[in-house]
Every structure is written in structure tokens, then in C-alpha cells.
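Chains as they are written, first to last, in UniProt numbering: chain A, 1 to 252; chain B, 1 to 285. Note that beta-carbon positions come from the ideal geometry of N, C-alpha and C, so glycine has one too.
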Amino acid sequence: MTDGRPLTARPAGRHALLVELRDAEHTAAFHAEVLRRRAAGALPPVTEVVPGARTVLLDGVPDPDALARQVADWQVPPVADDTGAVVEIPVRYDGPDLADVAALWGVGPDEVGALHRSHTYRVAFCGFAPGFGYLTGLPPRLHVPRRSTPRTRVPAGAVALAGPYSAVYPRATPGGWQLIGTMPDPRPLWDPARERAALLTPGTRVRFVTADGTCAGPGTGTGTGTETGTGTGTETGSGDDPTAGTSPEAGA
Amino acid sequence: MTTRLTTVRAGALTTVQDAGRPGHAHLGVPRSGALDAPAMRLANRLLGNDPDTAVLETTLTGCALRPDRDVAAVVGGAPCAVTVDGRPAAWGAPVRVPAGSVLDVGTATGGVRSYVAVAGGIAAEPVLGSRSTDLLSGLGPTPLRDGDVLAVGAPARPAPPPVAAPWPGPPAELVLPVRPGPRADWFTPAALRTLTSAAYRVSPHSNRIGLRTEGPPLQRLSTGELPSEGMVLGAVQVPPDGRPVIFLHDHPTTGGYPVVAVVPEPALAAAAQAVAGTPVRFTLA
């Protein structure tokens with residue numbers, strides 16, 4: 001990092017370091033640099049590299065103090081915005097909070113989908129549930145608060161907004177985000193039997209596309225299984241996700 | 001031919017556990033794995049299993065199993081009565097369970113979690129390289145229910161000669177060494193002193209996700225919201241009520257409450273065996 005006080009390395013126990021960056025953009029750049037150096041064999045062994053909103057946790061590090069001194073000297077190039085594939089998520093904009101979000105955005109309910117689709121997103125970090133990615137990319141004027149009362153059950157595939165983030169629920173869980181739509185077949189989001197278990201991993205770019213017109217229509221019950229061809233490129237066939245509900249402190 | 005174990009009595013919460021699935025925290029996948037890892041390893045070693053072979057982890061009330069072939073088993077961890085077809089059998093040492101007999105792992109007489117290792121290990125289907133049940137995200141085998149049938153792997157080698165193994169007893173007082181955590185500066189200077197001098201107790205609301213405590217709340221200096229960040233095993237997270245929660249193996253991989261301190265992993269085995277009400281003392285490591 002080239003400008004003043006770009007990062008703070010905070011100790012997190014005997015074998016971990018929490019590196020705090022100035023903002024989401026620096027965090028993305030630093031995370032990419034960690035992965036580059038790890039791939040190049042230029043990083044001490046590290047078990048976990050966990051990006052957060054403004055931090056990157058390096059866990060399972062033999063000597064966190066030595067690593068803290070190293071990272072302070074890194075030159076970190078800005079993250080390239082237009083590299084890598086884009087994962088497309090088909091969405092039906094039929095969520096129960098569509099009207100509330102439209103009101104917050106100052107538009108009609110039928111305009112929410114077009115606005116939501118007009119941005120390219122990036123997985124900033126994961127958590128809450130396997131395959132749940134926190135997507136950044138909405139401009140600040142479209143940020144919305146969480147619902148004042150969380151739902152006890154948000155269905156799998158719900159497309160949701162909260163704060164600066166957009167997300168798709170990989171499985172049914174409790175949740176307090178505003179629900180604007182549905183990914184008709186959420187199975188590609190998380191499949192532990194697949195080589196790459198999570199579709200959305202930190203750094204992945206995401207675009208939402210309309211599922212209208214490609215869906216066989218309401219009531220068929222089978223029309224959603226064929227739509228993952230729209231860019232996700234994965235057929236799972238491994239059955240449903242586990243559905244045990246949990247309510248972690250970091251609740252989404 | 002595969003040996004099968006039928007669950008005659010599942011107990012309050014019995015799960016399959018091994019060393020867990022590290023390396024997937026960035027996908028939101030907890031490490032999981034046996035909470036009292038030394039107990040799991042010792043039970044396995046006594047049978048000639050590799051130390052991290054999958055075992056059963058019980059919670060307070062044990063479980064009962066019936067093999068369809070002769071198996072060797074070790075019950076360790078939390079002390080409890082062990083019987084085979086109602087006859088007393090050894091705790092903490094290999095036991096032979098004849099085909100069709102019932103191995104009963106009784107209610108813990110101290111501690112919380114007993115470990116049942118069988119020669120060859122529990123052969124559940126691995127998920128992301130581990131057979132562990134992860135209660136937070138629902139990965140791995142579901143917790144045992146009465147009537148469930150488990151497959152047992154083929155023993156890797158003949159059982160070793162019996163040895164007298166030292167099993168640590170459950171803690172009468174839980175002493176947890178801590179180092180200041182990444183967000184210690186979110187708390188008043190008095191808060192860290194409170195943490196390391198006040199009397200806490202293990203809360204009955206503890207589980208595989210976290211050891212909750214009861215005691216004086218820790219006062220925060222900063223009242224702002226913490227953007228979600230990565231959480232380590234042993235993190236002492238402080239929710240708005242001020243009562244420290246020590247993150248155990250099924251903890252969320254990112255979280256939004258500040259971490260005041262971190263307990264080193266080796267000290268967590270004792271935390272896994274501390275019953276509700278056990279006094280907790282945090283000491284500066």
C-alpha cells in the first residue's frame with residue numbers, strides 16, 4: 001500500500017492476524033494480493049484467509065508478528081475491476097419486500113428489478129451460512145436498512161438487500177434482510193459434492209439477470225431446474241440442502 | 001463385510017466428529033470437529049486407529065449402540081458408566097462388544113462430552129474432507145436419532161496392547177488463558193480487568209457453537225457497529241449484553257460483535273467438558 005497508514009495489523013490469538021484496511025476497495029485489493037502471494041508460494045503457511053467488510057483474517061499462521069511486519073511493507077495494486085468471469089444469477093422480482101424497497105428507493109415496484117440488475121456486484125466476503133456471499137456494488141443511494149423484525153424463515157433462493165449488500169440465500173434460514181426476489185433454482189449456490197462447493201466465493205463478480213420468460217411459469221413446480229445454464233454452468237443433482245435453521249450472532 | 005452399528009438410544013445430542021474441515025472459513029464453513037480433541041485422539045490411539053478417525057461425541061446423557069459384528073470400542077472423555085448388555089465394562093480402555101450386544105454409554109458423572117471410538121472408525125460420508133457434524137451450517141451427518149444405522153470402517157491395523165492412559169478429569173473450575181483480542185480497544189480499560197478478575201460461570205445456554213458465560217458485563221468504549229469480520233476459534237466475543245461468549249468449533253466464520261480476547265486452542269478441550277454452573281476464571285496468558 002502506498003499511501004499513509006493503509007493497514008492496521010491486529011493480533012487475534014497466538015496464530016492469527018486480523019488485517020484492517022481503510023475501506024472495501026482496499027480490502028478487496030489486499031485480499032487479492034494475499035491470494036496472489038499464496039499461489040506464488042511467497043506467503044508463510046496459512047490455513048484460512050477470510051475477508052470481511054474491511055478486514056482480512058489470516059488464521060493458522062506460525063508467526064503472526066513476523067507476518068504483520070511483512071504485510072506492512074507490501075505494495076498492493078488496486079483490484080482490477082474487469083477481469084475474470086461474471087456469474088449470472090437469474091432472478092424473479094417477486095419478493096414480499098419489493099414495495100418497501102421501491103418506496104425507500106423512490107421508484108415504483110416494477111422498477112426495482114431493472115435498478116437491481118443494472119449494477120455489477122462483487123463477492124466481498126462470505127459467512128452466515130455456507131455459500132452465502134455478501135455482494136457489494138449497489139451505489140449508496142440504494143442502500144436499505146434491515147427489516148426491523150427478522151423473519152423466522154427466509155426461503156432458499158431469496159434475493160435480498162441489507163445495508164450496502166445484496167445476497168442470495170442458499171438455504172432456508174432465519175433472516176432480517178429485505179426480500180426483493182427469487183432465484184428459481186438456488187441449488188448451484190452451494191454443493192459440497194462439487195469441486196468448487198460455493199458458486200460465490202470472495203472476489204467473484206456477479207450480475208443479476210431476469211428469469212422472467214425463461215421460467216415455465218407458476219405452479220409447474222419443475223420449471224426451475226433448468227435455468228442454471230444462464231451462466232452458472234453447473235448442474236448439481238445432489239438433492240436439497242440441509243435446512244437446519246440457525247441464528248448466528250452475525251445474522252444475515 | 002461392513003460392520004454396522006444400530007443406534008438403540010441416541011441420547012440428548014450425539015454427533016459424528018473427527019478433526020473437522022479447516023480451510024473453508026472463507027466460504028462460511030466452520031472448522032467443526034471434536035470439541036475435546038485430545039479425548040478423541042486418545043480414544044482412537046487406544047484402538048490402533050489414526051488419531052483423527054471419526055468417533056461419536058455424546059452430550060451429557062450418553063448413547064447406546066448395537067453392532068452386528070464383534071467390535072472393539074473405547075469410551076472416554078467425560079467419565080460415565082459403561083455397560084455391555086447390562087454388565088459393567090471399562091471406561092477409558094478398550095472394550096469388546098460382541099455382535100448383537102448393546103454398548104451403553106451412560107450419563108456423564110462429570111464433564112459434558114463422552115467420546116465413543118470404534119476400531120476402524122465411523123464411516124460416514126465425508127463432506128469437504130471431513131465426517132464431522134457441523135451444527136451451525138448443517139454439514140456432515142445429522143445428529144443421531146434412535147434407530148439410525150452407522151457403518152464402521154475396516155480397522156487399519158490390529159489393536160495395540162492395552163496401556164494405562166491418562167485421562168484428564170473434567171474441570172471443577174475452568175481456567176481460560178486469554179490474550180487481548182483484535183477489538184480489545186473497543187472496551188473500557190476496566191473491562192479487560194473485569195474479564196481477568198471477576199467470577200464468571202458457564203451458562204446452560206452453551207453449545208458446540210459457543211461457551212456462554214454468566215457474570216459481570218464488559219463495558220464497551222465504542223458503541224458503533226462493527227462491520228463483519230473473520231472470527232477465530234477461541235475468540236471471546238462480546239454481544240450487546242456484555243457477557244463473553246467463547247467461540248467453539250461450530251462458530252460462525254464471520255461475525256459482527258467485537259472480540260475482546262482470544263483463548264488458545266489447547267485450552268478449549270477443558271471448556272468442552274465444563275458443565276453449566278462451573279466457575280470460569282480468565283487469566284492473562
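DSSP has residue i in a bridge; who is on the other side?
i: PHE187(B); result: ARG220(B)
i: THR83(B); result: PRO88(B) and ASP104(B)
i: residue 260(A); result: An answer regarding residue 260(A) cannot be provided, because it is not within the stretch 1 to 252 covered by chain A.
i: ILE209(B); result: In DSSP, ILE209(B) forms no bridge with anything.
i: LEU57(A); result: LEU18(A) and VAL50(A)
i: ALA10(B); result: Beta-bridge pairing links ALA10(B) to no other residue.
i: THR254(B); result: GLY230(B)
Does any CB atom of chain B fall closer than 8 Å to the CB of residue i?
i: ASP59(A); result: yes
i: PRO96(A); result: no
i: VAL112(A); result: no
i: VAL86(A); result: no
i: ALA72(A); result: no
i: THR152(A); result: no
i: LEU199(A); result: no
i: PRO51(A); result: yes
i: GLU48(A); result: yes
i: LEU18(A); result: yes
i: PHE125(A); result: yes
i: ARG187(A); result: no
i: THR204(A); result: no
i: ASP240(A); result: Note that ASP240(A) has pLDDT 27, beneath the 50 cutoff, so the model's placement of it is unreliable and the number below is only indicative. By this cut-off, ASP240(A) is not an interface position.
i: ARG14(A); result: yes
i: GLY137(A); result: no
Using a Cβ-Cβ cut-off of 8 Å, state whether residue i counts as contacting chain A.
i: GLY181(B); result: yes
i: HIS26(B); result: yes
i: LEU195(B); result: no
i: residue 316(B); result: There is no way to answer for residue 316(B), as the model of chain B reaches only from 1 to 285.
i: GLY33(B); result: no
i: GLY76(B); result: no
i: VAL232(B); result: yes
i: THR133(B); result: no
i: SER222(B); result: no
i: PRO67(B); result: no
Of the residues the options, which one's Cα is nearest the Cα of residue i?
i: GLY163(A); options: PRO140(A), THR152(A) and PRO150(A); result: PRO140(A)
i: LEU138(A); options: PRO130(A), ALA129(A), ALA80(A) and GLY113(A); result: GLY113(A)
i: ASP65(A); options: ARG187(A), ARG10(A), ALA39(A) and THR55(A); result: ARG10(A)
i: THR133(B); options: ALA151(B), VAL55(B), VAL236(B) and THR6(B); result: VAL55(B)
i: ASN207(B); options: THR83(B), LEU268(B) and THR53(B); result: LEU268(B)
i: THR204(A); options: PHE30(A), ALA85(A) and ARG22(A); result: ALA85(A)
i: PRO96(A); options: ALA39(A), ASP191(A), PRO170(A) and PRO155(A); result: PRO155(A)
i: ARG183(B); options: LEU13(B), ALA235(B) and PRO88(B); result: ALA235(B)
i: VAL118(B); options: VAL178(B), ASN44(B), ALA64(B) and ALA172(B); result: ASN44(B)
i: VAL178(B); options: GLY215(B), ARG281(B) and VAL262(B); result: VAL262(B)
i: LEU136(B); options: ARG171(A), LEU189(A) and GLY108(A); result: ARG171(A)
i: VAL152(B); options: GLY33(B), PRO67(B) and SER228(B); result: PRO67(B)
Which same chain residues end up closer than 8 Å to residue i when comparing Cβ atoms and leaving out the 5 residues on each side of it in sequence?
i: ALA53(A); result: ALA24, THR27, ALA124, PHE125 and TYR134
i: GLY60(A); result: HIS15, ALA16, PRO45, VAL46, THR47 and GLU48
i: THR120(A); result: VAL86, GLY137, ARG205, VAL206 and ARG207
i: LEU7(A); result: MET1, VAL19, GLU20, LEU21, ARG22, HIS26, PHE30, VAL71 and ALA72
Which stretch, first to last residue, makes up the alpha helix (DSSP H) that contains residue i?
i: GLY113(A); result: 112-117
i: ARG69(A); result: 64-72
i: GLU25(A); result: 24-39
i: ALA158(A); result: Looking at the DSSP string, ALA158(A) is not in any alpha helix (DSSP H); the run it does join, the beta strand (DSSP E), is 158-162.
i: LEU42(B); result: 37-47
i: ALA19(B); result: No alpha helix (DSSP H) holds ALA19(B); DSSP gives it neither H nor E.
i: ALA269(B); result: 268-272
If you follow the beta strand (DSSP E) that residue i is part of, which residue opens it and which one closes it?
i: PRO177(B); result: 174-180
i: ALA64(B); result: 63-67
i: LEU98(A); result: First-last for LEU98(A): 98-105, but that is the alpha helix (DSSP H), not the beta strand (DSSP E).
i: LEU150(B); result: 149-152
i: GLN178(A); result: 178-182
i: GLN75(A); result: Neither: GLN75(A) is in no beta strand (DSSP E) and is coded neither H nor E.
i: ALA261(B); result: 259-262
So, at 7 Å on beta carbons, what are the nonlocal neighbours of residue i in its own chain, with the 5 sequence-adjacent residues on each side left out?
i: LEU161(A); result: VAL101, VAL144, TRP177, GLN178 and ILE180
i: GLY221(A); result: Note on GLY221(A): pLDDT 33, under 50, position unreliable in the model; the coordinate value appears next. Closer than 7 Å at the Cβ level, and outside the excluded window around GLY221(A), lies no residue.
i: ASP212(A); result: ARG92
i: PRO204(B); result: ALA276
i: LEU218(B); result: PHE187, ALA191, THR194, LEU195, VAL238, GLY242, PRO244 and VAL260
i: THR107(B); result: LEU60, THR61, GLY62 and CYS80
i: GLY225(A); result: Here GLY225(A) scores only 31 on pLDDT, less than 50, and its place in the model is too uncertain to base an answer on.
For residue i, verify whether its CB is less than 7 Å away from any heavy atom of the ligand FAD.
i: GLN273(B); result: Ligands displayed in this structure: none; no statement on the ligand FAD is therefore possible.
Report all residues from its chain with a CB closer than 6 Å to the CB of residue i; omit the five preceding and five following residues, and keep chain order.
i: ALA39(B); result: GLY76, GLY77 and TYR115
i: THR152(A); result: PRO174
i: ALA124(B); result: VAL16, ARG131 and PRO141
i: GLY219(A); result: With a pLDDT of 34 at GLY219(A), under the threshold of 50, the predicted position of this residue should be treated as unreliable, and no value is reported.
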